[in-house]
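Here the structure comes first, spelled out in structure tokens, and everything after it is commentary.
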Ligand code: PGA
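Structure representation (structure tokens):
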């Protein structure tokens, strides 16, 4: 039985004061004991969040990105997965579509980040997803499997024992358009089936999160699908009531 996970991606939002308030608001909510919870503040706020009581309740702390290079060195502006581990991160997003598109990250770069993350002992959350044009051209499956394969071929299926996948259709991120539970389940089933072809057990046990306009109002029906193991939540994760309601939906 796979545990559900709800991960809040805070993106480039917040300042110290608003993060402090969000942490207070989050602490005032109720969460189910059977759901994993993770938050991904930006680099600047990792330590502030790490010191917060919430994380002593076993929440996971994650970063939104890491460098391709693992070893510390002359890489101006970069943050190594080793440095993330040093400030108590246990997870890191790799290949978020906003980085693929806005920072021109290639599958090769994303693969190196995935490897760097695991080498530092972090769990990478590998984000996959097709654009609207790719979906309309009937290429959703092909796009997602190409993105998955770029990592899988390089690291081998065994690496997915210590990784999480997030399916995030680009057309559903921050747009208010959510994939229907059936649309999401279809791709989740394809991803899991593909991994199962490589290793039955790993395919069966890997957590696959859905992301793209997840909110309290649609979480329960998404999380009820067989291959959806929780959510990667952007906008709604900045609102404590919404976020905790999403966590409770994952616990039902
Ligand atoms: P959204 O973002 O929930 O605001 O659509 C999800 C994500 O980008 O991870």
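Numbering (the working numbering), first residue to last: 882 to 1133. Beta carbons are placed, not taken as given, at the ideal position from N, Cα and C, and that holds for glycine. On a predicted model such as this, the values are computed, not experimentally measured, just so you know.
Check: residue i C-beta below 7 Å from any heavy atom of ligand 1
i, result
"residue 986", "no"
"residue 1054", "yes"
"residue 1093", "yes"
"residue 1007", "no"
"residue 1011", "no"
"residue 1114", "yes"
"residue 890", "yes"
"residue 1122", "no"
Of the residues the options, the one placed nearest residue i, counting alpha carbons only
i, options, result
"residue 999", "920, 970, 897", "970"
"residue 1094", "1048, 1107, 1086, 1083", "1048"
"residue 1011", "1001, 1003, 1028", "1028"
Where the alpha helix (DSSP H) containing residue i begins and where it ends
i, result
"residue 995", "988–1000"
"residue 1005", "Element bounds for residue 1005: not the alpha helix (DSSP H) but the beta strand (DSSP E), 1004–1009."
"residue 930", "927–931"
"residue 1084", "1081–1086"
Opposing strand residues paired with residue i [DSSP bridges]
i, result
"residue 888", "919, 1113"
"residue 1121", "Residue 1121 is not bridged to any residue."
"residue 893", "Residue 893 pairs with nothing; no bridge assigned."
"residue 909", "None; residue 909 has no bridge partner."
"residue 972", "943, 1004"
Through-space distance from residue j to residue i, alpha-carbon basis
i, j, result
"residue 1109", "residue 1060", "12 Å"
"residue 957", "residue 964", "14 Å"
"residue 1030", "residue 1041", "12 Å"
"residue 1067", "residue 1016", "13 Å"
"residue 921", "residue 974", "8 Å"
"residue 1055", "residue 1013", "13 Å"
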